[in-house]
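So that you can map any letter, position 53 of the sequence shown is 52 in numbering that gives the first Met the number 0, and since no number is skipped, the others follow by simple counting.
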Amino acid sequence: MFRGHFEHGVDEKGRVAVPIQFREVLSGLQDQHLVATKFRIGPHRCLDVYPLGAWRRFEGKLLGKGRFDPHYLRFRNVYVSGAHELEPDAQGRVLIPPLLREYAGIKRDVMFTGDVDKFRIWNTQVWQEAFEEHEDSVLGDETFLANLDV
0 MFRGHFEHGV
10 DEKGRVAVPI
20 QFREVLSGLQ
30 DQHLVATKFR
40 IGPHRCLDVY
50 PLGAWRRFEG
60 KLLGKGRFDP
70 HYLRFRNVYV
80 SGAHELEPDA
90 QGRVLIPPLL
100 REYAGIKRDV
110 MFTGDVDKFR
120 IWNTQVWQEA
130 FEEHEDSVLG
140 DETFLANLDV
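Here is the structure:
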């Protein structure tokens, strides 16, 4: 699965190479196509990136939810409507659409971070801020750590 974090640069056309570690996972899944969408954790914006098969399973689960439930309507309005398919080229690069780059504040330096079944793409500075905030709140929470059952 997707784990670790890797810094890469975005070129002037908006292309970025997917880390080799993530490409190996995709190759093992026999799933090279990706779907990227808008996400945020607190005030920190980033992109969630799924292998196409995982995205399709996710959409199937959404279809089983209350179609007219206002929470799911709002969620789909942001998360699903913001989704774009990405196809890696022969060098393993993907073109991040301008709308998604703008949303996540992606300019030149990005951080890819693993999230088990998907990965995220962050503006590197935003990632550093989010990581420091999350590190303090999670690793400093002894109750949470004591109850972590993995």
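The beta-carbon is built from N, C-alpha and C at its ideal position, and this holds for glycine as well.
For residue i, which residues in the same chain have their Cβ closer than 6 Å to its Cβ, ignoring the five residues on either side in sequence?
i	result
Cys45	Phe38, Ala103, Arg119 and Trp121
Phe5	Pro18 and Phe111
For residue i, I'd like the list of residues in its chain whose CB is within less than 7 Å of its CB, leaving aside the five on either flank, ordered along the chain.
i	result
Val137	Phe143
Lys117	Phe1, Asp47, Val48, Tyr49 and Ala53
Arg107	Gly8 and Val9
His32	Leu51, Glu84 and Glu86
Closest to residue i by CA distance: which of the options is it?
i	options	result
Glu128	His43, Arg75, Leu62 and Asp88	His43
Gln29	Ala35, Thr36 and Phe21	Phe21
Ala82	Phe67, Pro69, Arg100 and Glu132	Arg100
Gln124	Val34, Glu134, Pro96 and Ile105	Ile105
Lys12	Asp68, Pro97, Asp148 and Phe130	Pro97
Glu84	Gly27, Arg55, Glu134 and Glu6	Arg55
Ser26	Ala145, Pro87, Trp126 and Glu132	Pro87
Phe57	Arg75, Asp140 and His133	Arg75
Val34	Val79, Trp126 and His70	Val79
Return no unless some Cβ of chain B is closer than 8 Å to the Cβ of residue i.
i	result
Asn146	Here there is only one protein chain, and chain B is not present.
Is residue i buried or exposed, if buried means 16 or more other CB atoms sit within 10 Å of its CB?
i	result
Leu72	exposed
Val77	exposed
Using the three-state DSSP reduction, which class does residue i fall into: helix, strand or coil?
i	result
Pro69	helix
Gly52	helix
Ile120	strand
Ile40	strand
Check your understanding: Three or more beta-carbon pairs under 8 Å between the segment 0 to 19 and the segment 105 to 114, yes or no?
Key -> The segment 0 to 19, when compared against the segment 105 to 114, does touch it at the 8 Å Cβ threshold.
Exercise for review: For the segment 10 to 26 and the segment 84 to 92, state whether three or more C-beta atom pairs, one from each stretch, are separated by less than 8 Å.
Suggested key: As far as the Cβ criterion goes, the segment 10 to 26 touches the segment 84 to 92, which means the pair count is three or higher.
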